[in-house]
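Right, one structure below, let's go through it.
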């Protein structure tokens, strides 16, 4: 069973994504900010995919990915950024951090699952 970590400061998004992903057979954990996610990943690094919000308090999505990429155990993790922002500058920064994809909010579960399944193959 594939494991997905959903990282978003909005409880409603964490709850909805967790419910929907579990309905498709995924094991799901959640974190409400990047720092909480990083601490969880250091204890449990065996996730197949991270769905990470860009704008969060304490540690935002790109700061989380930067921390992941410098850790030799965590650096291979696939990360999808979820955001309302899609500027060229943000996407360029994401490419530099080897982010696997960028999903625009509001999220459409079918599209998200299609991208997620491709990354976890």
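Numbering (our numbering), first residue to last: 12 to 132.
The beta-carbon is built from N, C-alpha and C at its ideal position, and this holds for glycine as well.
Quick caveat, the model's predicted, so the values are computed rather than measured.
Taking all protein chains shown into account, residue 67 has 16 or more neighbouring C-beta atoms within 10 Å of its C-beta and is therefore buried. Residue environment: residue 81 is assigned as exposed (fewer than 16 neighbouring CB atoms within 10 Å of its CB, all protein chains considered). In the DSSP assignment, residue 14 forms a beta bridge with 38. Within the region 84-110, the complete alpha helix (DSSP H) segments of 4 residues or longer fall at 99-107, listed in chain order. For residue 65, no alpha helix (DSSP H) encloses it, and the DSSP letter there is neither H nor E. The residue among 15, 92, 124 and 17 with its C-alpha nearest the C-alpha of residue 116 is 92. Around the beta carbon of residue 122, fewer than 16 other beta carbons sit within 10 angstroms, so the residue counts as exposed.
Judged by DSSP secondary structure, residue 115 falls within the beta strand (DSSP E) whose first and last residues are 112-115. Comparing alpha carbon positions, the residue from 120, 118 and 127 closest to residue 110 is 127.
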